[in-house]
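Note sheet for the following structure.
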Amino acid sequence: MSNQLKGVSNQLINELNLEKHDLTKMMYDMILIRKFEENLKQLYQQGKIHGTMHLCIGQEATAVGACFPLTKEDKITSTHRGHGHSIAKGTDVNKMVAELLGKVTGYCKGKGGSMHIADMEVGNLGANGIVAAGLPLGTGAALTSQMKKLGYVVLCFFGDGATNEGAFHESLNLASVWNLPIVFFCENNLYGMSGSIKEMTNIESIAVRGASYGIPSETIDGNDILEVIKATTAAVERARHNNGPTLIEANTYRWEGHSRSDARKYRTREEEKEWKKSNDPIERFKTVLLENGIITEDDFAELNEKAIKQIQDAVEFAESSESPSLDTLMTDIYV
Amino acid sequence: MSNQLKGVSNQLINELNLEKHDLTKMMYDMILIRKFEENLKQLYQQGKIHGTMHLCIGQEATAVGACFPLTKEDKITSTHRGHGHSIAKGTDVNKMVAELLGKVTGYCKGKGGSMHIADMEVGNLGANGIVAAGLPLGTGAALTSQMKKLGYVVLCFFGDGATNEGAFHESLNLASVWNLPIVFFCENNLYGMSGSIKEMTNIESIAVRGASYGIPSETIDGNDILEVIKATTAAVERARHNNGPTLIEANTYRWEGHSRSDARKYRTREEEKEWKKSNDPIERFKTVLLENGIITEDDFAELNEKAIKQIQDAVEFAESSESPSLDTLMTDIYV
Amino acid sequence: MREISYSEAVRESMSQMMREDEDVYILGEDIGVYGGAFGVTSGMIDEFGPERVRITPISEAAISGCAVGSAMTGMRPILEIQFSDFVVIAMDNIVNQAAKMRYMFGGKAKVPMVVRLPSGSGAGFAAQHSQSLEAWMTHIPGLKVVQPSNAYDAKGLLAAAIKDDNPVMFYEHKMLYNVKSEVPEELYEIPLGVADIKREGKDVTIIATGLMVNRALEAAEQLAAEGIDVEVIDPRTLVPLDEKAILQSVKKTGRVLVAYEAVKRNGFGTEIVSLIAESDAFDYLDAPILRLGGAEAPIPYNPELEKAAIPQVHDIYQKCLELLNR
Amino acid sequence: MREISYSEAVRESMSQMMREDEDVYILGEDIGVYGGAFGVTSGMIDEFGPERVRITPISEAAISGCAVGSAMTGMRPILEIQFSDFVVIAMDNIVNQAAKMRYMFGGKAKVPMVVRLPSGSGAGFAAQHSQSLEAWMTHIPGLKVVQPSNAYDAKGLLAAAIKDDNPVMFYEHKMLYNVKSEVPEELYEIPLGVADIKREGKDVTIIATGLMVNRALEAAEQLAAEGIDVEVIDPRTLVPLDEKAILQSVKKTGRVLVAYEAVKRNGFGTEIVSLIAESDAFDYLDAPILRLGGAEAPIPYNPELEKAAIPQVHDIYQKCLELLNR
Ligand SMILES: Cc1ncc(C[n+]2csc(CCOP(=O)(O)OP(=O)(O)O)c2C)c(N)n1
Ligand SMILES: Cc1ncc(C[n+]2csc(CCOP(=O)(O)OP(=O)(O)O)c2C)c(N)n1
Ligand SMILES: [Mg+2]
Ligand SMILES: [Mg+2]
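Chains as they are written, first to last, in UniProt numbering: chain A, 1 to 335; chain F, 1 to 335; chain R, 1 to 326; chain W, 1 to 326.
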C-alpha cells in the first residue's frame, strides 16, 4: 500500500472518532463478506449453486462503510452484486447461503436466489436483477419516511453502469425535487459487465452528474473504509435533517469476473493484480487498525477464523436444510 | 420591447451577416406559423378538427431559428408541439392542414393527425406523441449519418418537461459517447403540461445537464431568433465537423394552453400578458428588421397578407380533399 | 338515486378512501390544479394538499418505481398514468418489481398500489394515445387487473382495489368518463373477481369487457326486438377472473361471443375463449366460439377510420346472428 | 451435414448477412469481446469491428430508440436485448415507435430492424431473467414475432428477419443455445409466416412453440410407442401466423393440444386456441381444445420449482392421453 493511501486513513481514524468496538466489527464484517464470497465461489464450482451470481470481492469497504452510519430502521436498496450490502446491513448469512442453495430456510424460501435476497426486518429492501431498479424503489421508500415522518434514511447502492439508465436520472431528479431523505451511493468499479465506464460515458467522474439535479456529490476512495464512512455519515446526516439527497461515487474494483462465466477479456490481468496487490480494502483497513493499535495481528487472525467458522456453519445450515415443497410454486404470488 | 433586448439583436444582425432574402424568409415563416396556429384554433372551435392539438404560438423564433442553419439533408425530430418545427423545416402547409382535418391528402393520409406529422423528403422525421421519444430516434438518425458518412446533422426538438425523462439522459449520453452529429434543442417554455420546470427540477437552467455527458451547452433567449440562429449555427457546425453533440436551452413561452382543454390555472394571466406584450418573438424580429432597414412596415404587412392567403389556401385544399376510404384502415401496417 | 359520471365516481372513490386511510395518496403528472389530463383528480389537491396529491415530473420510470417503493414500505399509492399508452415507460416497475417482489422475496413483502390507466380509443388521439393494453397485464402473475364498464362499478371496484394488498392495474375508459349512472353516495366495495351479469338471457352469451359491455347491451336490446334473448356478462376484473360465472352462462346458452376493444390478436378475450374451449362447457357448445376484437392495426386519427378499428354495436349484433345461423 | 448449435446458427446468420449487406449492424450491451451474455456474438467484433458491432452503455431506452432511428433512416440494425426481460425498458421504442411509425406516417417510413431476445426459463436465473413475453409483442400490430425451436430454423428465420423491412421480434431460447442440429453452411432464408410440421400424425395435433416443440416431439415419440400418432406443428413465426397449416391439421386429427412455455394466462397459445375455436375447424373437434402453459407464477429460483413452473414432456404426454380419453 502506498504511503499516500495510508496517510489519508490515519488522519481519518482520529477525525472520525470511532469506537474500537465499531472498528473491530467493521473489520469483521469485511472479512465475513470476503469469506462468504470465497465460499460461494467454491459451492458454485462444486455445482451446489446454480444459475448466476455476482461476487463483490474487493468491494467490501463500500458495503460495510456505507452501512455503518445507518441504523436498523434506515433502509438500503441493493443490486445484483448485493451479498456484501446485505451482510453489512445485518442480514443473516445462514439464511443467505440457504437461499443461494435454493432451500426453504433461505430468505426467499428458495424462490429468489442470489439476485433477490431481501430482509425487511433489518431494512434491506432487496437485491435486484434489473440494473438501476433500486433507485426508484429507494426513492419511494424515502417518500414513505418523509410522509409518515418515520425519520429513517434510505441508502441506494448501484454501480457505475447503472448511472447510464434512465431510472438513475429520473430518480435523482425526483428525490431532489421532493427533498427526500436518501443517499445515492454509486460503487464505481470501473466496469459494467464488460463495458468500461470510461468508454460508456464522456465524463471524468460520475459525481459530476449530481449537479444536474441540484444534488451535492463527491467522489471518494471506496477502498478506504474510513473515507466511505466519513462521506456517508455526512450524507446520512443531511438526509436525516431534511436537507435532501446526496450522490456519492466510491471508486473501487471487483476482483472477480462479472458473473461466473466471465473470461475478463475486457481488462488486463496486470490491472487486476495491481488492485489486488496495492488496493485491497481489507488489507488497507487492517494496516490502519494495526498502526493505530486498534487490533493486533492476533486479533486479525482470530477475526478471520471466526468468519471462516461462521460461514462454515452457514453452509452446514444451508446444506442440511430442506428444499421447498413443490406446492410452494403457487404460494406468495398474491397476499 | 426593452432596449436591452433590442440591443442584443441589433448587434447580432451585423455579426451573423445574414442575407436580406434569408431574413425576410424567416420573418415570413414565423408569421406563417402564427397564422397556421391561429387558423387551427378556429378550425378546432368550429369542430372541424377533433382529438387534441398543441399550439406553439409564441415559440416561432425557436422553430424558425433552429432550422435555419439546417440543409434539406439535415434532419429534425419534433414533438407533440410540432407544427412550427415542421413548417420551419419546409413541410408543406397544405398537407399539414389536410392531415389535421383527417384527409387522405394529408401527410399521413389522415391516419396520424397533429401529433404524427412527418415529411421524410425534407428531413422531418416526425412529431411524436410520447414526450422525449424524439431524442433516441434522433440519436439513431445521427448514427446513420455517421456510419454511412452522409454528412447530415440531426436536430432534436424537445421541451423542458422532456428533460426529466430517462430517454433524455440515455440519449445524450449515448450521443456523446459515440460522438454523433446531433444538436439537442430544448424549448424551455417554463411548463410541461402544467408542471412548472422550476418545481419539476432543482436547477437553475437545463443547460447545466450537458455537463453530465461531457456535452457543451448553453442557455439562450429563445425569443430572439438571431440568438437562436447564432447558437444553432455553431452547434450544427460542431456536429458537421465531427465534434459531437451540443445541448441548447432556448427560453421561450407558449401563449396558449397546453392543449385545447387547458384552463391555465397553473400560471397567471399577468405572466401571460407580460410575455405577449414585451416578448413576442415576431414583434422583436420585426423591430430589428425595421431598425436595420431590412424590411419596411409595408413589407411586413405584405408578408402578413401572403401568409394569411397561404393558410386560407391550405384550409381550402384540406377542406376540399377526400377522407380516406375505410379500407385504408388495414394498409400501411407492414411494408 | 343520484347519477354521477364515471370520472366523478373514480374521484369520489379515491377521495373517500383518502379520508378513511391516511396512507392512501395519489401521484402523477398534472394531477394538481390541472386535474389530470381527463380532469379525474379535479379539486382533490384543494382538499388533500400537495403532499397527498403529488404532482410529479414527467418521469414515468421514477414515479412508478417510487409508487412501488412507497407501497412496500407502508403507503398505499394510487399512480395515475396520464394515458395508459405511457405505461410502456413504467413497465419495469410494474412487471419486474411490483408483480414479482412478493414472490421473489418468499412472501416477505407486499405492494399495495393501484395504477390508474385511462385507455381506449374514440377521442381522436391516434396511435400513441388510444391503446388498450390490459392483456399484457393479465399475462403477468402477481398483478390484478380491473376494467370497469360503468360509474357504479368503477367506484366500488376502485375502493376494493385500493384496499387490496396487491398491485392492481385499474383500466379506465376515456369514452366512459362522461357517462353517468346511479351511484350511491357512501363508500362501498365490489369484490375483485366477481363478474356481473349485466343482462340475463338464454339464447346467446356475450362476454364483453370495458366499453364493449355497453355496446353489447345495446346490441342485446336490438336482438331482443328480434326475439333473441342475449345474456351479457361483464367480468369486471380480468385477474382474478370469475370463471364460474362465465362457464355457467356458456352451459346455459351454448353460444358465445367474446367482445373486446383491444387488438383482437392475443387480446384478453383469447384467454376467455381458451378457458371455455378447454372446459367441460365445451360439450355444451352449439356453435364455434366467436370473437370480436379491435382491428390488427394501430388506432388511426381520422374519426371514421378510428370507428372502424374497434367493434361497434352493429358488429356485435351481426355476430350474434351468425352464432344463431341467421 | 455438419451440426452446429443454435447459438452458432444465430451468429452465422448475422455474420453472413453482415457480409452481404453493409447496412446491417448489431448493437447491444457487452456484445464485443465479452460476446454477449450468452456468447452469441463471440468473435464478431474481430471480424466486423466496433463500428458494426457496437457495444452500448446500459441504456435500453436509448439503444432501442437509436435502433429505430437508424432503421428509419437507412440502416438495418440488429438489437440484442441482453435478457428478454429487460425489454420492459425498451417498450416505448418498440411499441409506440417502431411498430406504429409506418402507419402513423401514412406509409412514409419503414423500420427494418430485428430485436433479438434471449428468453425462457431453465437456467436458474429466477423471476427477472426467465420470462417469455412474446405474447405481448404479438398483440402489437406492426411487429412481426419469430420464435425458432432449433438451429436450422434459427439461421434461416433470422436471415429472413434481417431482410424483412418491418420490425421483427426474434425470440431465442436460452436453453436451446447449446443444442446442435444440422445446418447448411450457406446462407438461406425461411420465409416468415410458414409453419413447419415437425412430425406428421393423424390422432392428435400438438401446436407447440419454442422450447415446447422439442418437448412435444419427445412426448410424441413416447406416445408412438403406445400406438398414438401425434402431429407436431411448429408455427415458427407467431406473427404472421400460418393459420392454414394449423387449421388443416386440426381438421385432420380433431384433437388439439396447444403447448407453450409462457405463462398460461393470455400466452400466445390462447390466440391459437381462439383461432381454432372460431374457425370452421371447430366442427371437426372431437374433444375440448387443451392447453399447456407456464404456471401463473413468477419463475422461481430453486431448480425443482423452476421445472415445475413450465410444461415438461410428461405433462404433454398426459394431456394427449386426456385428449384421447385414455
Ligand atoms: C436493465 C438491465 N440491463 C442489463 C442487465 C444485465 N446486467 C446485469 S449487471 C450488468 C452490469 C452492471 O454494471 P454496474 O452497474 O457497474 O454494476 P457492477 O456489476 O459493476 O456491480 C448488466 C449489464 C440487467 N440486469 N438489467
Ligand atoms: C411519456 C409521456 N408522458 C406524458 C405525456 C403527456 N404529455 C404530453 S405533452 C406533456 C408536457 C410536455 O412538456 P414539455 O416537454 O415541456 O413540452 P411543451 O408541451 O411545453 O412543449 C405531457 C406531460 C406524454 N405525451 N408522453
Ligand atoms: Mg460497475
Ligand atoms: Mg414545456
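Glycine included, each C-beta is placed from N, C-alpha and C at the ideal position. For clarity, every value in this text was computed on a predicted model and none was experimentally measured.
Problem set entry | Rounded separation between S132 (chain W) and S9 (chain A) - CA only | As a working note, residue 132 (chain W) is residue 132 in the fourth sequence. As a working note, residue 9 (chain A) is residue 9 in the first sequence. Roughly 50 Å separates the two Cα atoms.
For this session: Decide if N128 (chain F) is buried, meaning its Cβ has at least 16 other Cβ atoms within 10 Å, or exposed.
Result: Taking the first residue of the second sequence as position 1, residue 128 (chain F) is located at position 128. Result: buried.
Exercise. What's the C-alpha gap between G90 (chain A) and G65 (chain A)?
Worked result: Counting from one through the first sequence, the residue named residue 90 (chain A) turns up at place 90. Counting from one through the first sequence, the residue named residue 65 (chain A) turns up at place 65. Whole-angstrom Cα-Cα distance: 13 Å.
Exercise. Is any heavy atom in ligand 3 found nearer than 8 Å to the beta carbon of E165 (chain A)?
Worked result: Indexing the first sequence from 1 puts residue 165 (chain A) at position 165. Answer for E165 (chain A): no, Cβ out of range of ligand 3.
Exercise. Closest to K100 (chain W) by CA distance: which of R:G142, R:H129, R:E80, R:K100 is it?
Worked result: Reading the fourth sequence from its first residue, position 100 is the one you call residue 100 (chain W). With distances taken between Cα atoms, K100 (chain W) lies closest to R:H129.
For this session: Might you give, ordered along the chain, the residues of its own chain that have their beta carbon closer than 6 Å to the beta carbon of D74 (chain F), omitting 5 neighbours on each side?
Result: Working through the second sequence from its first residue, we reach residue 74 (chain F) at position 74. Closer than 6 Å at the Cβ level, and outside the excluded window around D74 (chain F), lie G123, Y152, V153.
For this session: Could you check what DSSP says for R11 (chain W) in three-state terms: helix, strand or coil?
Result: By 1-based counting over the fourth sequence, the position of residue 11 (chain W) is 11. Correct three-state label for R11 (chain W): helix.
Problem set entry | Status (buried if at least 16 other CB within 10 Å, exposed otherwise) for R326 (chain R) | As a first step, residue 326 (chain R) is located in the third sequence; it is residue number 326 there, counting from the start. Label assigned to R326 (chain R): exposed.
Exercise. Going by the C-beta, is R238 (chain A) closer than 8 Å to any heavy atom of ligand 4?
Worked result: What you label residue 238 (chain A) is simply residue 238 of the first sequence in a count that begins at 1. It does not: the Cβ of R238 (chain A) is nowhere closer than 8 Å to a heavy atom of ligand 4.
Exercise. So does D262 (chain A) have its beta carbon nearer than 8 Å to some heavy atom of ligand 3?
Worked result: Indexing the first sequence from 1 puts residue 262 (chain A) at position 262. Answer for D262 (chain A): no, Cβ out of range of ligand 3.
Exercise. Touch check for the stretch 41-59 of chain W and the stretch 190-210 of chain W: three-plus C-beta pairs under 8 Å?
Worked result: no
For this session: Taking 9 Å as the cut-off, decide whether the C-beta atoms of S121 (chain R) and Y6 (chain R) are in contact.
Result: Reading the third sequence from its first residue, position 121 is the one you call residue 121 (chain R). Reading the third sequence from its first residue, position 6 is the one you call residue 6 (chain R). The answer is no: Cβ separation not under 9 Å.
Exercise. Would you say W255 (chain A) reaches chain R, if we count a Cβ-Cβ gap shorter than 9 Å as a contact?
Worked result: As a working note, residue 255 (chain A) is residue 255 in the first sequence. No, its Cβ sits nowhere closer than 9 Å to a Cβ of chain R.
Exercise. Which residues does DSSP pair with H80 (chain F) in a beta bridge?
Worked result: Working through the second sequence from its first residue, we reach residue 80 (chain F) at position 80. Its beta-bridge partners do not exist; DSSP assigns none.
Exercise. For chain F, is any of its Cβ atoms less than 9 Å away from the one on Y171 (chain W)?
Worked result: Walking along the fourth sequence from the start, residue 171 (chain W) turns up at place 171. Not an interface residue.
Exercise. Would DSSP call I215 (chain A) helix, strand or coil?
Worked result: Residue mapping note: residue 215 (chain A) aligns to position 215 of the first sequence, counting from 1. It is coil, neither helix nor strand.
Problem set entry | Delimiting residues of the alpha helix (DSSP H) encompassing A37 (chain R) | Working through the third sequence from its first residue, we reach residue 37 (chain R) at position 37. Per DSSP, A37 (chain R) belongs to no alpha helix (DSSP H) and is neither H nor E.
Exercise. Near G126 (chain A), what residues of its chain come up, given a Cβ to Cβ distance below 6 Å and the 5 sequence neighbours on each side ignored?
Worked result: Numbered from its first residue, the first sequence carries residue 126 (chain A) at position 126. These residues qualify, in order along the chain: A118.
Problem set entry | Min CB distance L12 (chain A) to chain R below 9 Å | Indexing the first sequence from 1 puts residue 12 (chain A) at position 12. It does not: the Cβ of L12 (chain A) has no partner Cβ on chain R nearer than 9 Å.
Exercise. With a cut-off of 8 Å, do at least 3 Cβ pairs link the stretch 284-301 of chain R to the stretch 253-262 of chain R?
Worked result: yes
For this session: Measuring only between beta-carbons, confirm whether A118 (chain F) sits less than 9 Å from chain R.
Result: Indexing the second sequence from 1 puts residue 118 (chain F) at position 118. False, the Cβ-Cβ gap to chain R never drops below 9 Å.
Exercise. Quick one: is the Cβ of N188 (chain F) within less than 8 Å of any heavy atom of ligand 4?
Worked result: As a first step, residue 188 (chain F) must be located in the second sequence, where it is residue number 188. The answer is yes for N188 (chain F).
Exercise. Can the beta-carbon of E271 (chain R) be found less than 9 Å from the beta-carbon of R265 (chain W)?
Worked result: To locate residue 271 (chain R), count along the third sequence from 1; it is residue 271. To locate residue 265 (chain W), count along the fourth sequence from 1; it is residue 265. Contact flag set, yes.
Exercise. Roughly how far, in whole angstroms, is the beta-carbon of A61 (chain R) from the beta-carbon of P167 (chain R), given that I think they are within contact range, below 8 Å?
Worked result: On the third sequence, position 61 is the one that residue 61 (chain R) refers to. On the third sequence, position 167 is the one that residue 167 (chain R) refers to. Rounded, the Cβ-Cβ distance is 16 Å, inconsistent with contact.
For this session: Find the nearest neighbour of Q42 (chain A) within the set A:V315, A:S323, A:M330, judged by alpha-carbon distance.
Result: Position 42 of the first sequence holds residue 42 (chain A). Nearest of A:V315, A:S323, A:M330 to Q42 (chain A), Cα basis: A:V315.
Exercise. Do the CB positions of L27 (chain W) and V95 (chain W) come within less than 9 Å of each other?
Worked result: Counting from one through the fourth sequence, the residue named residue 27 (chain W) turns up at place 27. Counting from one through the fourth sequence, the residue named residue 95 (chain W) turns up at place 95. Not a contact, by the Cβ cut-off of 9 Å.
Problem set entry | Presumed contact (8 Å Cβ cut-off) between S259 (chain F) and T79 (chain F), rounded CB distance | Residue mapping note: residue 259 (chain F) aligns to position 259 of the second sequence, counting from 1. Residue mapping note: residue 79 (chain F) aligns to position 79 of the second sequence, counting from 1. With a Cβ gap of about 13 Å, S259 (chain F) and T79 (chain F) do not count as contacting.
Exercise. Going by beta carbon distance, what residues of the same chain come within less than 8 Å of residue 327 (chain R), once the five residues before and after it are set aside?
Worked result: Missing from the structure shown is residue 327 (chain R); chain R here goes from 1 to 326 and no further.
Exercise. So which residues of chain W does L128 (chain R) contact, with C-beta pairs closer than 8 Å?
Worked result: Reading the third sequence from its first residue, position 128 is the one you call residue 128 (chain R). Here the sequence assigns Gln to residue 128 (chain R), which means Leu is not the residue at that position. Under the 8 Å cutoff, chain W gives N96, K100, M104.
Exercise. How would you call V183 (chain W), buried or exposed, if buried means at least 16 neighbouring beta carbons within 10 angstroms?
Worked result: Looking up residue 183 (chain W) in the fourth sequence gives position 183. V183 (chain W) comes out buried.
Problem set entry | Selection from W:C320, W:P303, W:Y260, W:P300 that minimises the alpha carbon distance to G294 (chain W) | For the purposes of this step, residue 294 (chain W) is taken as residue 294 along the fourth sequence, with counting starting at 1. Of W:C320, W:P303, W:Y260, W:P300, the residue nearest in Cα terms is W:Y260.
Problem set entry | Cβ shell of I33 (chain A) (< 6 Å), same chain only, five flanking positions each side left out | Here residue 33 (chain A) is taken as the residue at index 33 of the first sequence, counted from 1. Counting only Cβ-Cβ distances below 6 Å, and skipping sequence neighbours, we find E60, G84, I87.
Exercise. Using a Cβ-Cβ distance under 9 Å, would M1 (chain A) count as near chain W?
Worked result: Stepping through the first sequence from its first residue, residue 1 (chain A) is reached at position 1. Low local confidence applies: a pLDDT of 48 at M1 (chain A) is under 50, so the model's placement there is unreliable, with the coordinate-based value given in what follows. So, not an interface residue.
For this session: Say yes only if the C-beta of H21 (chain A) is nearer than 8 Å to one or more non-hydrogen atoms of ligand 2, and no if none qualify.
Result: Position 21 of the first sequence holds residue 21 (chain A). Checking every heavy atom of ligand 2 against the Cβ of H21 (chain A), none is found closer than 8 Å.
Exercise. Using a beta-carbon distance below 9 Å, is C56 (chain F) in contact with chain R?
Worked result: Start at 1 with the first residue of the second sequence, and residue 56 (chain F) comes out as number 56. It does not: the Cβ of C56 (chain F) has no partner Cβ on chain R nearer than 9 Å.
Exercise. Ligand 1 heavy atoms versus the CB of A37 (chain W): any closer than 8 Å?
Worked result: On the fourth sequence, position 37 is the one that residue 37 (chain W) refers to. It does: the Cβ of A37 (chain W) is within 8 Å (strictly closer) of some heavy atom of ligand 1.
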